[in-house]
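Enquirer:
2 protein chains.
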Amino acid sequence: MSTFFTPGPAALFPTVEAHYAAAFRQNIGSISHRSGAFRKIYQHTDEQLRQLFALPKETAVLFTGSATEIWERAIMNSVEHESFHLVNGSFSKKFFDFSQELHKFAHAMHKPFGEGFDAAEVTVPEYAELICCTANETSSGVQMRAAEIHKIKKANKDKLVMVDMVSSAPYPNLDFNLVDSAMFSVQKAFGMPAGLGVWIANEKMLAKAERMKLHGETVGTYHSLPSLWENYKNFETPETPNVMGIYVLGKVAEDFNRIGVDVMRKETDRKAKALYDFAKKSDQFDIFVTNEPHRSATVVVLNCKQMAGDVIKQVQAKNDFILGAGYGKMKETQIRIANFPAVNLDQVEALIATLGSL
Amino acid sequence: MSTFFTPGPAALFPTVEAHYAAAFRQNIGSISHRSGAFRKIYQHTDEQLRQLFALPKETAVLFTGSATEIWERAIMNSVEHESFHLVNGSFSKKFFDFSQELHKFAHAMHKPFGEGFDAAEVTVPEYAELICCTANETSSGVQMRAAEIHKIKKANKDKLVMVDMVSSAPYPNLDFNLVDSAMFSVQKAFGMPAGLGVWIANEKMLAKAERMKLHGETVGTYHSLPSLWENYKNFETPETPNVMGIYVLGKVAEDFNRIGVDVMRKETDRKAKALYDFAKKSDQFDIFVTNEPHRSATVVVLNCKQMAGDVIKQVQAKNDFILGAGYGKMKETQIRIANFPAVNLDQVEALIATLGSL
Chain A
180 MSTFFTPGPA ALFPTVEAHY AAAFRQNIGS ISHRSGAFRK IYQHTDEQLR
230 QLFALPKETA VLFTGSATEI WERAIMNSVE HESFHLVNGS FSKKFFDFSQ
280 ELHKFAHAMH KPFGEGFDAA EVTVPEYAEL ICCTANETSS GVQMRAAEIH
330 KIKKANKDKL VMVDMVSSAP YPNLDFNLVD SAMFSVQKAF GMPAGLGVWI
380 ANEKMLAKAE RMKLHGETVG TYHSLPSLWE NYKNFETPET PNVMGIYVLG
430 KVAEDFNRIG VDVMRKETDR KAKALYDFAK KSDQFDIFVT NEPHRSATVV
480 VLNCKQMAGD VIKQVQAKND FILGAGYGKM KETQIRIANF PAVNLDQVEA
530 LIATLGSL
Chain B
180 MSTFFTPGPA ALFPTVEAHY AAAFRQNIGS ISHRSGAFRK IYQHTDEQLR
230 QLFALPKETA VLFTGSATEI WERAIMNSVE HESFHLVNGS FSKKFFDFSQ
280 ELHKFAHAMH KPFGEGFDAA EVTVPEYAEL ICCTANETSS GVQMRAAEIH
330 KIKKANKDKL VMVDMVSSAP YPNLDFNLVD SAMFSVQKAF GMPAGLGVWI
380 ANEKMLAKAE RMKLHGETVG TYHSLPSLWE NYKNFETPET PNVMGIYVLG
430 KVAEDFNRIG VDVMRKETDR KAKALYDFAK KSDQFDIFVT NEPHRSATVV
480 VLNCKQMAGD VIKQVQAKND FILGAGYGKM KETQIRIANF PAVNLDQVEA
530 LIATLGSL
C-alpha cells in the first residue's frame, strides 16, 4: 500500500472511501440537484464547515470546480480596478497573474522563493480593493500566520482581504469576523479526490460584486458571486455540481469536528515538529525555509544533499512512501512532504526513519 | 433498489460503481495531476471519446467543472461581438442569457416550448460569430436532428457552430468535420455522478479565441480556450481537475465503444419507440412534442391526465421507479422520462407496464 506524502492530490483521509461507498448506496450520484435530498446534503456540509471554521452568520459557503476557479471568480467579483498580492511563490504568483489577465491593475509585493511576509513590512497601495494573502504557499513551504493576516485587515478595514488556504485549511486559525473571504480545494488537507473548490465569502464581498454589476462590470454568469449566493440561500447551486464531492466533504468535515479542530491543529504541529527536528539533525537534508515562523506546518520543504529524484525513488522502493518533488526549478534539489491530517504521527515517524536510513 | 428515469443526474451506468472502486484501488484520488499516470488517464479518455464521437485530428477534448461552465467559456472565447441562439426551452434560453450577461450582442430565434427547429426556417444574422444549437432541449423533450445542424453549418461556413448535447451525447450522430464545438456533462447519458463537463472544440475555435486575446478581449484565465488547449497538448489540465471523473469517463466511454455507438443509438431508438408507442395508446398520457421528427429520443416528455406529482408518487410506491417532473411551469402537468443507456429495454418495459397500470 502506497502512503502519499504528496502536497495535493494527497493521501485520502482514512474515512473517504467508505463515505463514497455510502454515497453510492444512497444513490447520491443519481439524485436531483433540485431535490430536498440534495438541499439537505448541502446544508449538512455547510453546517459542518461553519463549525470547523467558526464562520459568522454573514458568510456563505459556496462550491466551484476547483480552488483555481475561485482565484478567477474572486477577482472578477471584487476588483473593479486594483488588487494587491503578497507574492512569494508559484501559486501566489498565479493569483496575481489572474488579476492581470482579467485586465485589472494588479499590485504586488514580491519576496524571494522560500521567504514569507509579516504584516509590519507590508504597505498596501491606497486604491487596492482586494488584498490577496496566501496562508500556505504550496510551492515553497512558506506560511503566513493567521495573526499577521489579521493585522493586515485591521490596518486596512476599508479593503477586502482574501486568503488562499488551499494547502492548509483547516489548519490556519483564521478569524472570519476579520477576513472577508477564503478558499481551498478538497484534495489537500481534507484528503479527498480532486474536483471541488470551496469559497467562503462574507456579505461585504457580495455587496462589492453587486455594486460592480450595477456599474456594468462583467462579473461572470452562473458562478458570479451574486448567482452563487442567491442559490446558496436555498442550499442549491446554479449548475449541477459535484454532488458526491459535496456529500463526502460534509462527512469528512463531520469527522474533523468529531476529533476537534484544535486537536487536529496540535497534531499537525506535533508531526511538523518531528519532521523539522529530523531535518535539523540530518546530514542529508536541510530545512529550506530559514525563518522559523514562516515555516509551513502542512507542507515541509527540505533541501537534499543527494539528487531529490533519487531520494524519492529510494523512499518509494523501501516502503512505498510517495513524496512530492520540489516545485518547478527546485525539482532536482528539494523534496516536499505534505503533513495533512490523512497521515498520522506513526506514518510520519516511519517516513522519518526511512529518510534517516538513506 | 430505485431505478432512476430522471433526466440528469440520472441512473448510473451499470459499470460506474466498479470503475470508481477500481480507481480507489489504484490510488487515482491521490496521484499527481502532473504525473505520467495522470497523463495516461487523460490520453485514454481522449482516445475513447475520439472513437465514440469520430473526432477529427483538429479537435481537442477539454475538461471543465460542468457543462454550464462551457456555455460561459465558449461565449467568452469565441464571441467578440455577436452570438446567435436557437431558443426553445429553458436550457437554450440560459445559453442565450449567458451571452447577454457577458455583454455580447445576443440574437435569438425563439420557438414555443415543445417545438423545435429545422434548418430551412433559420436565418442567421449577418454578423453572428457563433451559432448555438441545442441537440436536445432537456426541459421540453425536443431534439434538433444532427442533419439539420449540419445544414445550418453548410449554409454558414464562415461562422462557428456550437452544439449543446448535454442530455443526449453520444446519441446525436454529429459530424465533427462540420460542427466546430460541442459540450456535454457526465451525469446524463454517460450515467456518472456529476462534477465534470466535456468540451469538444476544433482549431477554428482556438484561432478565434487567440484572435480575441490579441484584440485585448478578456477570454478568462486558466479555463480560457488557449490555456486549456496548451495544457491538453501534454494531456494535462490548467488546474487540478476531477481526476477520478476523467478516469471513470474514459472507462465508461470504453464500455460504450465495446458495445458500439451505432448499437447504442439503435437501442435508444428502440426504447424511445416503446415509450412513445405506449403514450399514443394510453388514455392517461399524451406525447407533448407533436412534431415527430422533433421528439427527443433521450428525454421523453408526456402530458398527464392525472396530476404529474401523483403519477410520480404512484410509480415510485409501486416499483421504486424515479421519474423526472415536468420542467418549471410544467411540473404539475408533465413527467419527463430519461431514456439513457443506463436503463435497458427490460427496465423501460417494466416502467411502461407500471405506467399502464395506473
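The listed protein sequences derive, respectively, from chains A and B.
Position in the first sequence (from 1) plus 179 gives the number in this note's numbering.
Position in the second sequence (from 1) plus 179 gives the number in this note's numbering.
Even glycine gets a Cβ: it sits at the ideal position worked out from N, Cα and C.
Does Ile310 of chain A pass the burial test, meaning 16 or more other C-beta atoms within 10 Å, or should it be called exposed?
Expert: Here the question's residue 310 of chain A lines up with position 131 in the first sequence. So Ile310 of chain A counts as buried.
Enquirer: Compare the C-beta of Thr238 of chain B with all C-beta atoms of chain A and state if any pair is closer than 8 Å.
Expert: Locating residue 238 of chain B in the second sequence gives position 59, where the first residue counts as 1. Not one chain A Cβ lies under 8 Å of Thr238 of chain B.
Enquirer: Would you please state the rounded distance, in angstroms, between the beta carbons of Asn256 of chain A and Ala388 of chain A? I believe it to be under 8 Å.
Expert: Taking the first residue of the first sequence as position 1, residue 256 of chain A is located at position 77. Taking the first residue of the first sequence as position 1, residue 388 of chain A is located at position 209. Confirmed, about 4 Å.
Enquirer: List the whole-angstrom C-beta distance separating Met423 of chain A from Pro372 of chain B, where the pair is believed to meet the contact cut-off of C-beta under 8 Å.
Expert: Locating residue 423 of chain A in the first sequence gives position 244, counting from the first residue. Locating residue 372 of chain B in the second sequence gives position 193, counting from the first residue. Right, the Cβ-Cβ distance comes to about 5 Å (below 8 Å), so this counts as a contact.
Enquirer: Answer with yes or no whether the minimum CB distance from Ser319 of chain B to chain A is below 8 Å.
Expert: Translated into positions along the second sequence, residue 319 of chain B becomes position 140. Answer no: the Cβ-Cβ gap between Ser319 of chain B and chain A never drops below 8 Å.
Enquirer: Would you report the Cα separation of Phe464 of chain A and Gly215 of chain A, rounded to the nearest angstrom?
Expert: Here residue 464 of chain A corresponds to residue number 285 of the first sequence, with the count starting at 1. Here residue 215 of chain A corresponds to residue number 36 of the first sequence, with the count starting at 1. Each residue's alpha carbon lies about 54 Å from the other.
Enquirer: Pull up the distance between the alpha-carbon of Asp359 of chain A and that of Arg213 of chain A, whole angstroms please.
Expert: The residue labelled residue 359 of chain A in the question sits at position 180 within the first sequence. The residue labelled residue 213 of chain A in the question sits at position 34 within the first sequence. Their backbone Cα atoms lie some 29 Å apart in a straight line.
Enquirer: Can you list, in chain order, the residues of its chain whose CB lies under 8 Å from that of Asn470 of chain A, leaving out five sequence neighbours each side?
Expert: Taking the first residue of the first sequence as position 1, residue 470 of chain A is located at position 291. Result list for Asn470 of chain A: Glu294, Gly295, in chain order.
Enquirer: Near Phe183 of chain A, what residues of its chain come up, given a Cβ to Cβ distance below 6 Å and the 5 sequence neighbours on each side ignored?
Expert: Here residue 183 of chain A refers to the residue found at position 4 of the first sequence. Same-chain partners within the cutoff: Ala189, Ala190, Ile501.
Enquirer: In chain B, what lies closer than 7 Å to Phe263 of chain A by C-beta?
Expert: Your numbering for residue 263 of chain A matches position 84 in the first sequence. Residues of chain B passing the Cβ test: none, with the nearest at roughly 18 Å.
Enquirer: If contacts are defined as beta-carbon pairs under 8 Å, then Met384 of chain A and Leu339 of chain A qualify, I think. What distance do you get, rounded to the angstrom?
Expert: One-based indexing of the first sequence puts residue 384 of chain A at position 205. One-based indexing of the first sequence puts residue 339 of chain A at position 160. Rounded, the Cβ-Cβ distance is 6 Å, consistent with contact.
Enquirer: Is the Cβ of Met288 of chain B closer than 8 Å to any Cβ of chain A?
Expert: Here residue 288 of chain B refers to the residue found at position 109 when the second sequence is read from its first residue. For Met288 of chain B, the answer is no, since every Cβ of chain A falls outside 8 Å of its Cβ.
Enquirer: Name the residue from A:Asn335, A:Thr313, A:Ser403 whose alpha carbon lies nearest to the alpha carbon of Ala361 of chain A.
Expert: In the first sequence, residue 361 of chain A corresponds to position 182, counting from 1. The candidate whose alpha carbon is nearest that of Ala361 of chain A is A:Thr313.
Enquirer: Please report the residue range of the beta strand (DSSP E) in which Lys369 of chain A lies.
Expert: Residue 369 of chain A sits at position 190 when you count from the first residue of the first sequence. Just to set this straight, residue 369 of chain A is Phe in the shown sequence, not Lys. Note, Phe369 of chain A: premise wrong, no beta strand (DSSP E); not H, not E.
Enquirer: Measuring only between beta-carbons, confirm whether His394 of chain B sits less than 8 Å from chain A.
Expert: Counting from 1 along the second sequence, the entry for residue 394 of chain B is found at position 215. His394 of chain B does not count as touching chain A.
Enquirer: Rounded to whole angstroms, what's the CA-CA distance from Glu446 of chain A to His329 of chain A? Just pull it up for me.
Expert: Stepping through the first sequence from its first residue, residue 446 of chain A is reached at position 267. Stepping through the first sequence from its first residue, residue 329 of chain A is reached at position 150. If you take the alpha carbons of Glu446 of chain A and His329 of chain A, they lie about 24 Å apart.
Enquirer: If the cut is a Cβ gap below 7 Å, which residues of chain A does Glu196 of chain B touch?
Expert: Start at 1 with the first residue of the second sequence, and residue 196 of chain B comes out as number 17. Going along chain A in sequence order, the residues near Glu196 of chain B (Cβ under 7 Å) are Phe203.
Enquirer: Out of B:Thr243, B:Ala239, B:Val195, which one is the CA nearest neighbour of Trp408 of chain B?
Expert: The count along the second sequence starts at 1 and reaches residue 408 of chain B at position 229. Here the closest residue by C-alpha is B:Ala239.
Enquirer: Does the beta carbon of Gly507 of chain B come closer than 8 Å to any beta carbon on chain A?
Expert: On the second sequence, residue 507 of chain B is found 328 positions in, with the first residue counted as 1. With 8 Å as the cut-off, Gly507 of chain B does not count as an interface residue toward chain A.
Enquirer: Could you tell me which whole alpha helix (DSSP H) segments of length 4 or greater appear in the segment 413-459 of chain A?
Expert: Correct list: 422-438.
Enquirer: Does the separation of the CB atoms of Phe355 of chain A and Pro235 of chain A fall below 8 Å?
Expert: Counting from one through the first sequence, the residue named residue 355 of chain A turns up at place 176. Counting from one through the first sequence, the residue named residue 235 of chain A turns up at place 56. Contact: yes.
Enquirer: Rounded to whole angstroms, what's the CA-CA distance from Trp378 of chain A to Thr317 of chain B? Just pull it up for me.
Expert: As a first step, residue 378 of chain A is located in the first sequence; it is residue number 199 there, counting from the start. As a first step, residue 317 of chain B is located in the second sequence; it is residue number 138 there, counting from the start. Each residue's alpha carbon lies about 29 Å from the other.
Enquirer: Starting from the beta carbon of Ala189 of chain B, find every residue of chain A whose beta carbon is closer than 7 Å, and list them in chain order.
Expert: As a working note, residue 189 of chain B is residue 10 in the second sequence. Going along chain A in sequence order, the residues near Ala189 of chain B (Cβ under 7 Å) are Ser209.
Enquirer: Select from A:Lys332, A:Val522, A:Ala504 the residue whose C-alpha is nearest the C-alpha of Arg449 of chain A.
Expert: Counting from one through the first sequence, the residue named residue 449 of chain A turns up at place 270. Comparing Cα positions, the closest option is A:Val522.
Enquirer: Excluding five sequence neighbours on each side, which residues of the same chain lie with their C-beta closer than 8 Å to the C-beta of Tyr506 of chain B?
Expert: Indexing the second sequence from 1 puts residue 506 of chain B at position 327. Gly268, Ser269, Thr317, Ser318, Ser319, Gln513, Arg515.
Enquirer: Taking Leu234 of chain B as the query, report the chain A residues whose CB atoms sit under 7 Å from its CB, ordered along the chain.
Expert: As a working note, residue 234 of chain B is residue 55 in the second sequence. By Cβ distance, chain A contributes nothing, its closest Cβ being about 23 Å from Leu234 of chain B, past 7 Å.
Enquirer: Across which residues does DSSP place Gln513 of chain A in a beta bridge pair?
Expert: Residue numbering aside, residue 513 of chain A sits at position 334 when the first sequence is read from its first letter. Paired residues: A:Asn482.
Enquirer: Take Arg218 of chain A as the anchor and find which of A:Asp441, A:Thr302, A:Ala201, A:Tyr411 has the nearest alpha-carbon.
Expert: One-based indexing of the first sequence puts residue 218 of chain A at position 39. For the residues A:Asp441, A:Thr302, A:Ala201, A:Tyr411, the minimum Cα distance to Arg218 of chain A belongs to A:Tyr411.
Enquirer: Whose C-alpha, out of B:Ser181, B:Thr185, B:Thr400, is nearest the C-alpha of Val479 of chain B?
Expert: As a first step, residue 479 of chain B is located in the second sequence; it is residue number 300 there, counting from the start. Checked all of B:Ser181, B:Thr185, B:Thr400; the closest Cα to Val479 of chain B is B:Thr185.
Enquirer: Would you give the residue range spanned by the alpha helix (DSSP H) that Asn256 of chain A belongs to?
Expert: Here the question's residue 256 of chain A lines up with position 77 in the first sequence. It spans 246-257 - the alpha helix (DSSP H) in which Asn256 of chain A sits, taken as one unbroken run.
Enquirer: Terminal residues of the continuous beta strand (DSSP E) containing Phe363 of chain B?
Expert: Walking along the second sequence from the start, residue 363 of chain B turns up at place 184. Segment 360-364, the beta strand (DSSP E) holding Phe363 of chain B.
Enquirer: Look up Gln227 of chain B in the DSSP assignment and give the residues it is bridged to.
Expert: Counting from 1 along the second sequence, the entry for residue 227 of chain B is found at position 48. In DSSP, Gln227 of chain B forms no bridge with anything.
Enquirer: Could you tell me the distance, in whole angstroms, from the CA atom of Ile466 of chain B to the CA atom of Pro291 of chain B?
Expert: For the purposes of this step, residue 466 of chain B is taken as residue 287 along the second sequence, with counting starting at 1. For the purposes of this step, residue 291 of chain B is taken as residue 112 along the second sequence, with counting starting at 1. Distance between the alpha carbons of Ile466 of chain B and Pro291 of chain B is about 16 Å.
Enquirer: Using a Cβ-Cβ cut-off of less than 9 Å, list which residues of the segment 240-253 of chain B approach chain A; keep chain order.
Expert: Hits within the stretch, in order: Thr243, Gly244, Ser245, Ala246, Thr247, Glu248, Trp250, Glu251.
Enquirer: Going by Cα to Cα distance, which pick from A:Met288, A:Ala432, A:Tyr350 is closest to Asp441 of chain A?
Expert: The residue labelled residue 441 of chain A in the question sits at position 262 within the first sequence. The residue with the shortest Cα to Cα distance from Asp441 of chain A is A:Tyr350.
Enquirer: Which residues in chain A have a C-beta closer than 7 Å to the C-beta of Gly424 of chain B? List them in chain order.
Expert: Residue mapping note: residue 424 of chain B aligns to position 245 of the second sequence, counting from 1. Neighbours of Gly424 of chain B on chain A, chain order: Gly374.
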